[in-house]
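Reading the sequence shown from the start, the letters are residues 1 to 564 in full-length UniProt numbering. One structure is given below, encoded as structure tokens.
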Amino acid sequence: MKQSKTFIPTTREVPANAEAISHKLLIKAGMVKQVSAGVYTYLPLANNVIEKIKKIIREEHDAIDSAELLMPILQSQEYWEASGRWGKMGDELMRLKDRKDAGYALSPTAEEIICQTVNNMVTSYKQLPLNLYQIQTKFRDEVRPRLGLLRCKEFIMKDAYSFHDSPESLRETYNDYYRAYSNIYDRLELKYRAVQADSGNIGGSYTHEFQALAEVGEDTIVYTEESDYAANIETAKVVEENYSLPEFEKKERSLLETPAQETIDEIAAYCGVEVNRAMKGLALNADGNLYLVLMRGNDQLNEIKFKKATNTFDVRMATPEEIESMGSVVGYMGPFDIKNCTVIADNAVKYMYNHSCGANKKGFHYINVNHGDYEVSGYYDLRMIEEGDLAEDLSGPVKFAKGIEVGQVFELGKGYSESMDIKYLDANGRANHFYMGCYGIGVSRLLSAIIEQHNDENGIIWPKEAAPYQVHLLCVDVKKEEQLKLSEELYKHLRDNKVEVLFDDRAERAGVKFNDADLIGIPLQIIVGKKAGENTVEIKYRRSGEKEEISSDSVLEKVKQFYK
Ligand code: ATP
Ligand code: MG
1 MKQSKTFIPT TREVPANAEA ISHKLLIKAG MVKQVSAGVY TYLPLANNVI
51 EKIKKIIREE HDAIDSAELL MPILQSQEYW EASGRWGKMG DELMRLKDRK
101 DAGYALSPTA EEIICQTVNN MVTSYKQLPL NLYQIQTKFR DEVRPRLGLL
151 RCKEFIMKDA YSFHDSPESL RETYNDYYRA YSNIYDRLEL KYRAVQADSG
201 NIGGSYTHEF QALAEVGEDT IVYTEESDYA ANIETAKVVE ENYSLPEFEK
251 KERSLLETPA QETIDEIAAY CGVEVNRAMK GLALNADGNL YLVLMRGNDQ
301 LNEIKFKKAT NTFDVRMATP EEIESMGSVV GYMGPFDIKN CTVIADNAVK
351 YMYNHSCGAN KKGFHYINVN HGDYEVSGYY DLRMIEEGDL AEDLSGPVKF
401 AKGIEVGQVF ELGKGYSESM DIKYLDANGR ANHFYMGCYG IGVSRLLSAI
451 IEQHNDENGI IWPKEAAPYQ VHLLCVDVKK EEQLKLSEEL YKHLRDNKVE
501 VLFDDRAERA GVKFNDADLI GIPLQIIVGK KAGENTVEIK YRRSGEKEEI
551 SSDSVLEKVK QFYK
């Protein structure tokens, strides 16, 4: 493609709200144009990269016998009602009505429609396992679309679905996708970790996220240096091996007036205990029921763990009035004489001794409280993991890193096939609900993730397989006849040999061309300049910055060598 003919509006102007390096570079390199918040036009260069990513995805899906199809974005409310998600998805689901007032969702994912698609079409165990995928636009009304292509309202996703007649078959396919995903991210030259994760709104239990490591990432990954353990902080388990109860002398519980102490640190100091022996009580309303959660003063509640422990969905802090109805008062909550609620505690609480806690009375705390002095209906792992905690596999202390979720694989089990009531006949002619899996990749998000990891002060440096073109051919001065002639010859020669070339044939100054070439970041530059008359050109490797003078006859060979 000739640069004078395509549309690559490079610019120095970057909007103030572009925080992420990738967002800035996408704009500077003329790859995207924002249409509205979280909605973008992918300009030709970005579109080329998307096609490259799709090609890799297709090859790796083909290798695991997953077949491509295309489902509608416009999805009838009736299917979303059937799965129960019309009510559960909240404001994130984009909803609209047609002229007959029938409801629709704009697809944020497609479990419902894939179920509807196979219903009565896949009827026998002989057709299983079945793997289908699509690469399609998705919509989610994100609270805060941001960071360029990382969090959009409209984005491109690859979503795959699998159908099975046994959990073993599902696990086998899950492992196929896991490997295919690893291959895809390897080919895109991403540094990533596959981490244990939460199954969120999709349901299911066994799941991994693929997290590309990047400071700008919104997810925190918990890992150890000692093993391949890695988990999303949302689910990283805190094991009881972290705690121990020392030898201690049990003291007598008493009430202490704490009139002016507000923060947990002040209370702990006043009560004469370290903050991990100052108990805090959190009042929550979950699905309309009240809970008192007991924790060590310095720990943070993990809401996902709380929801799992209590099997609840809709959780918020209790109001002062609700806390009053529990017989307590804000800032002084504790387990003694509490009412109208379920009391649960974090596992760490079992290992607190001679500790303080709120007395459910304004201005008072108990001190020298011990395990067994009060009632708790259950102990669970409820807190956020902290750096230095022992990892779940006990291999060593955990560290944190930031990640961008670029994909996720799920074992769904029978959740959807049961709610949507889709069945096949087994070898005995009995009707059974399918076991299902689903597998997603953030195609447009990948552009940003790649750029986050592959850039320098001059611009983007595309990995070979993701590059929008393989070669950037620069004619330094198009007014010089021998330069233009040699450039055109090379352009034709390379294209005839199936090399993807972007040919900078613009009547721009050399400096502008060089800067643009580095900014756009095509891995190889072929520069046709002053020595064109001697059939000598320069080859520049974008990543190393290394340059070499070569004969124009050897260009094709050099290019082939680089991309072999
Ligand atoms: P997140 O936690 O980042 O909101 P998710 O877990 O809700 O993502 P999935 O339902 O697992 O997302 O979707 C599959 C993939 O689609 C994700 O791994 C991610 O790469 C991509 N994706 C999800 N939401 C967005 C979005 N708003 N913009 C761009 N890509 C997205
Ligand atoms: Mg996810």
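Each residue gets a CB set at the ideal place from its N, CA and C atoms; glycine is no exception. None of the values given here were measured: they were computed from a predicted structure.
- When DSSP reads this structure, residue 472 sits in a beta bridge with 502, 525.
- Shortest gap from the CB of residue 89 to any heavy atom of the ligand ATP: 7 Å or more.
- Within its own chain, the residues whose Cβ lies closer than 7 Å to the Cβ of residue 465, once the five positions on either side in sequence are excluded, are 52, 56, 187, 188, listed in chain order.
- The alpha-carbon of residue 125 is positioned some 15 Å away from that of residue 414.
- Annotation for residue 310: the continuous alpha helix (DSSP H) segment containing it runs 303-310.
- The beta carbon of residue 528 is closer than 6 Å to those of 475, 483, 486, 487, 537 in its chain, skipping five residues each way along the sequence.
- According to the DSSP assignment, residue 516 belongs to no beta strand (DSSP E) but to the alpha helix (DSSP H) extending over 510-520.
- The straight-line gap separating the alpha-carbon atoms of residue 383 and residue 301 is approximately 5 Å.
- For secondary structure counted as the beta strand (DSSP E) over 3 or more consecutive residues, the stretch 70-113 holds these complete runs in sequence order: 74-76, 94-97, 103-106.
- Within the DSSP bridge table, the entry for residue 357 names 366 as partners.
- Beyond the five residues adjoining it in sequence on each side, residue 26 comes within less than 6 Å, by CB distance, of 32, 148 in the same chain, given in chain order.
- Looking only at 297, 249, 389, the smallest Cα-Cα distance to residue 354 is reached by 249.
- A Cβ-Cβ distance of about 6 Å is found for the pair residue 83 and residue 416, placing them in contact under the 8 Å criterion.
- Remark: C-beta atoms of residue 505 and residue 2 approach each other more closely than 8 Å.
- Looking at the DSSP output, residue 223 shares a beta bridge with 230, 399.
- By the beta-carbon neighbour count (other beta carbons within 10 angstroms, threshold 16), residue 179 is exposed.
- Every alpha helix (DSSP H) stretch that sits fully inside the stretch 259-338 and reaches 4 residues is listed by chain position as 264-271, 303-310, 320-325.
- In the structure shown, residue 28 adopts helical secondary structure according to DSSP, grouped into three states.
- Per DSSP, the continuous alpha helix (DSSP H) segment holding residue 560 begins and ends at 555-562.
- Taking a cut-off of 8 Å for Cβ pairs, the stretch 431-439 and the stretch 261-274 do not touch, as fewer than three such pairs fall below it.
- Around the beta carbon of residue 427, a 10 Å sphere encloses fewer than 16 other beta carbons of the protein chains shown; the residue is thus reported as exposed.
- Taking a 10 Å sphere around the C-beta of residue 516, we find 16 or more other C-beta atoms and assign the residue as buried.
- Within the model, the alpha-carbon separation for residue 446 versus residue 50 is close to 9 Å.
- A heavy atom of the ligand ATP is found nearer than 7 Å to the CB of residue 408.
- The three-state reading of DSSP puts residue 407 in strand, counting E and B together.
- The stretch 216-234 and the stretch 387-400 touch, with three or more beta-carbon pairs separated by less than 8 Å.
- Closest in alpha carbon position to residue 305, among 193, 232, 10, is 232.
- Judged by the Cβ position, residue 405 qualifies as a neighbour of the ligand MG at the 7 Å threshold, a heavy atom of the ligand being closer than this.
- Between residue 169 and residue 139, the C-beta spacing is not below 8 Å.
- Short of 6 Å from the beta carbon of residue 472, and not among the five residues preceding or following it, lie these beta carbons of its own chain, in chain order: 502, 517, 522, 525.
- Nearest Cα to residue 103 within the set 74, 118, 128: 74.
- For residue 131, the enclosing beta strand (DSSP E) begins and ends at 130-139.
- Contact annotation: the stretch 306-320 does not touch the stretch 346-362, with fewer than three C-beta pairs closer than 8 Å.
- Cβ-Cβ distances below 8 Å link residue 221 to 193, 195, 211, 213, 230, 231, 232, 233, 400, 401, 402, 403 in the same chain, with the five nearest sequence neighbours on each side left out; the list follows chain order.
- For residue 168, the uninterrupted alpha helix (DSSP H) segment begins and ends at 167-187.
- Under DSSP, residue 547 takes part in a beta bridge, and its partners are 540.
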